[in-house]
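In order, the protein sequences belong to chains E and D.
No gaps in the numbering here: position 87 of the first sequence is 107 in the working numbering, and each next residue is one more.
No gaps in the numbering here: position 342 of the second sequence is 606 in the working numbering, and each next residue is one more.
For each residue, glycine too, the CB sits at the ideal point set by N, CA and C.
Below is one structure; the comments refer to it alone.
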Amino acid sequence: MKGDRVDPFKVDENGMTSDGYHRLDPVSKKSMYIGNMIAIAIAAIAMAAVYVFAPDISQDHSEYLRLSALALLAVIVAYCLVSPQITFMRYRYRIDGDKVDIRRGILYITHNMVPIERIHQVDVSRGPINRIFGLANVTITTAGGTVSIEYLKEDVAEAIAEKLNETVIGILKERV
Amino acid sequence: MKLDPENTDNRTFRNHVTVIADHLVVIAVAVIVMWIFTRDDMGPELDRWFLVALLALLLVVTFWSFFWLKRTTYTFTDTEIVRVSDTVFKSTKNIQYTRLASVTVRRSVLNRIFGTSQLLFNINSSVNSMNAEMTLVLRKDIADLLRDRLNSLIFDKDITVQEDSDLQTMVSVSNGDIIMHAIFAQPTYQSIFGFLMLVYAVVMLFYDNSGGFWTALLLFGMSNVLPFIGVILKYFNYRIYRVGDTITVESGLLSTTRRSFKVNKINSVRVRQPLLARMLGKATLEAEVVGMSDSDETAPMICPLKDCEVVEGLMEDIAPEIFFDSEPEHQPRSALVPMAITSAVFSVAVVAFFAVLLYYAETYLVGLSDFWTATVRASEISAAVLIPILIFGRMGLVQRHRTFAMGKDSFMLVYGGYDISTEFMLYDKVQYVAVTSGPLQRPFGVATCTVNMMSSVGFKQMSSGLFPPEDLERLSDEVMARIRDGRYDYRRYQ
């Protein structure tokens with residue numbers, strides 16, 4: 021039966037998985053890596069501060085503090101190096117005629133299901149790192165909170181926002 | 265624009281002039297508190313300047329409040345409320361009656377002194393749920409007259425304020441019940457903490473340790489006495505009644521509050537049973553309706569602590585379409601493994617913490633008598649044993665109580681360990697659903713479901729226990745199916 025197994029992350033020529041989901045563009049990994057590098061740099065500066073000032077904090081426990089800081093930094097670095105690849109592999113989204121469906125997560129895998137009928141607002145945002153790679157996030161606001169689809173190619177993000185806005189406006193027009 | 269209470273055609277109102285006094289009291293109290301805390305640094309010369317500055321500030325606030333009051337009007341048309349404010353900026357705000365989630369009438373102590381009432385209009389929005397969208401202060405007789413009109417305009421109630429006051433309450437709640445509610449409806453952790461602090465305060469008193477006594481007493485007061493007084497002040501003289509589709513909840517000791525909302529604006533209802541209340545066979549009923557919450561961010565209460573049958577009966581009366589009776593799905597046995605691992609990790613952390621405390625005990629027990637040293641050590645060992653027992657005990661209760669059921673129009677989630685909550689919610693009120701499985705849950709084929717909804721304090725997440733993900737995803741499927749096949753009709757909730 022092993023030969024019959026379908027790879028859930030394999031995409032066809034249209035960029036779709038076998039169960040009808042889109043996956044992210046590979047360039048999204050670069051944006052994630054750069055974001056993570058910045059996080060590592062900040063964590064390293066914080067840990068360096070602990071290293072420098074630890075003797076002043078407590079003579080008795082400075083070695084424990086240093087070791088803990090080092091262990092924490094190692095965990096953060098490992099997570100930052102591994103997470104973009106796992107995120108990319110697991111991140112899938114699908115927009116039907118009436119539902120936005122997003123599956124994502126590294127340790128905790130979440131499946132978000134948002135009825136388009138409940139959407140109040142759709143925003144497209146581009147952070148400085150995402151802009152370098154031509155990426156954008158789509159934030160979907162409902163009365164019960166927000167859900168976002170991240171690291172999309174700018175044209176894809178704009179198309180999704182336009183489609184969702186059109187559908188929402190269509191629903192509202194039907195009600196008038 | 266004459267504001268004449270006798271003129272029933274008059275539909276335009278301004279705030280009562282006493283709102284200026286409200287503003288002045290707030291400013292004066294803030295400034296005087298500031299002065300008290302800084303006066304040591306000021307000489308007599310500065311004191312004089314302070315008084316001049318205070319008077320100037322009060323004059324400015326008076327002038328501005330009067331200007332704002334005169335230039336702001338509220339008009340109640342057949343379909344909406346229009347507030348026009350023409351001060352430095354000109355603004356017009358319209359609220360259609362169909363968008364209103366609830367209307368609250370509040371009478372604070374100042375309102376009682378001035379003979380006024382506050383009318384608070386809340387719309388069905390998660391953004392403005394904690395603050396009323398519009399507030400209007402009127403003389404009480406004018407407010408009552410306006411309420412009569414609003415009853416028919418907003419709630420289709422052809423009933424006067426006087427008739428409203430004479431209506432029979434749906435459930436008989438005495439002030440004795442409210443005292444019981446104040447004692448037994450508090451969360452269990454809060455009751456235990458308060459009890460421990462009280463015991464500690466008594467012990468400290470016995471050993472003539474005034475610092476420890478006052479600290480423990482303060483913590484007991486904050487955790488138990490203040491919430492107790494708060495409940496008494498808020499829920500004394502409790503009454504709930506229904507006219508047509510409109511529910512009105514009325515209560516208050518010093519300041520009274522009357523909240524009205526349409527049944528179709530209820531987002532969910534929750535039967536809450538803290539451990540002590542459950543042991544007495546009692547429960548409380550709460551409902552999530554936007555605008556029904558107060559500044560204390562507690563969920564709006566529909567029924568204080570009463571017998572479970574009374575609470576269930578009231579729930580069926582108020583929201584029969586939400587309540588259903590069915591055989592719920594219990595959390596599967598496989599969920600015990602991830603819960604046991606989590607409980608074990610927490611227990612090890614607790615034991616390790618107390619072991620470290622014991623190890624370093626000699627550093628902080630220096631100078632204490634043998635009796636005190638033994639007492640502290642015994643307390644640490646007892647905590648290291650008792651807390652893991654409580655953690656695993658909670659796990660057992662969670663496994664026993666957590667259930668999930670899907671009805672025709674609504675679904676039910678039961679959650680909690682020592683304190684149990686049973687929440688019913690209409691599929692049509694679900695905003696979106698997320699099913700999440702963690703690294704400990706995936707190997708055992710279970711996940712949790714988070715339902716996002718609008719609530720009285722903005723938006724709220726309601727989480728299920730651990731169930732197979734395909735069972736939980738049926739919830740979202742049902743929400744979608746109702747939208748697709750037209751069972752969801754937005755007009756029912758307007």
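Between P564 (chain D) and F448 (chain D), the CB-CB gap reaches or exceeds 9 Å.
Taking the beta carbon of Y754 (chain D) as reference, the chain E residues within 7 Å of it are R195, listed in sequence order. Around the Cβ of P703 (chain D), a 10 Å sphere holds fewer than 16 other Cβ atoms; the residue is exposed. 9 Å or more divides the Cβ of I496 (chain D) from the Cβ of A541 (chain D). Membership of K529 (chain D) in any beta strand (DSSP E) is not indicated, and neither H nor E is assigned to it by DSSP. Fully contained in the region 441-499 of chain D are the following alpha helix (DSSP H) runs of length 4 or more, in chain order: 452-470, 474-484 and 490-499. In the DSSP assignment, H131 (chain E) falls within the unbroken beta strand (DSSP E) covering I129 to P135.
Contact with chain D is found for K119 (chain E), since one of that chain's Cβ atoms lies less than 9 Å from the residue's Cβ. In this chain, P602 (chain D) is not harboured by any beta strand (DSSP E); it is covered by the alpha helix (DSSP H) spanning L600 to Y623.
Burial is judged here by how many other beta carbons sit within 10 angstroms of a residue's own beta carbon; Q695 (chain D) has at least 16 and is buried. Following the DSSP letters along the chain, one finds M543 (chain D) inside the alpha helix (DSSP H) bounded by residues L539 to M543. At the C-beta level, V507 (chain D) and E687 (chain D) stay beyond 9 Å of one another.
Residue range T380 to I387 is occupied by the beta strand (DSSP E) that includes F385 (chain D). In this structure, D:P584 is the residue among D:V463, D:P584 and D:R403 with its C-alpha nearest to the C-alpha of S674 (chain D). Within the region 691-706 of chain D, V694, Q695, Y696, V697, A698, V699, T700, S701, G702, P703 and R706 place their CB atoms closer than 8 Å to a CB of chain E, listed in sequence order. When rounded, the separation of the alpha-carbon atoms in I684 (chain D) and L544 (chain D) is 14 Å. Unbroken beta strand (DSSP E) stretches of 3 residues or longer found wholly inside the region 697-739 of chain D: 712-719 and 722-727, given in chain order.
At least one beta carbon of chain D lies nearer than 9 Å to the beta carbon of A163 (chain E). In the pairwise beta carbon analysis, the region 479-497 of chain D is classified as not touching the region 334-350 of chain D: fewer than three pairs are separated by under 8 Å. At a cut-off of 9 Å between C-beta atoms, S740 (chain D) counts as an interface residue with respect to chain E. The C-alpha of L600 (chain D) is placed about 15 Å away from the C-alpha of S728 (chain D). Minimum Cα-Cα distance from G40 (chain E) among the listed residues E:V120, E:E137, E:R195 and E:V167 corresponds to E:V120. Separation of the CB atoms of I169 (chain E) and I139 (chain E) is rounded to 12 Å, and the pair is thereby denied contact status at 8 Å.
Between T627 (chain D) and A480 (chain D), the alpha-carbon positions lie close to 23 Å from each other.
Within the same chain, no Cβ atom closer than 6 Å to the Cβ of P707 (chain D) is found once the five residues on either side in sequence are excluded. Around M689 (chain D), no beta-carbon contact reaches into chain E at under 7 Å, the shortest distance being about 11 Å.
Closer than 9 Å at the C-beta level to chain E, one finds no residue of the region 653-684 of chain D. Taking CB atoms only, F723 (chain D) has a neighbour in chain E less than 9 Å away.
No residue range can be given for G508 (chain D), since it is assigned to no beta strand (DSSP E) and is classified by DSSP as neither H nor E. By the criterion of a C-beta distance shorter than 8 Å, L321 (chain D) is surrounded in its chain by I291 and V295, once the five residues flanking it on both sides are discounted.
With a threshold of 16 other beta carbon atoms within 10 Å, A156 (chain E) meets it and is buried. Contact annotation for V743 (chain D) against chain E: P135 [CB-CB distance below 7 Å, chain order]. Separation of E742 (chain D) and Y691 (chain D) (C-alpha to C-alpha, rounded to the nearest whole angstrom) is 7 Å.
If you draw a straight line from the Cα of T337 (chain D) to the Cα of V435 (chain D), it is about 39 Å long.
Between the region 564-581 of chain D and the region 650-666 of chain D there are fewer than three inter-stretch CB-CB distances shorter than 8 Å, so the stretches are not counted as touching. Excluding residues up to 5 positions away in sequence, S103, I106 and T107 lie with their Cβ nearer than 7 Å to the Cβ of I126 (chain E) in the same chain.
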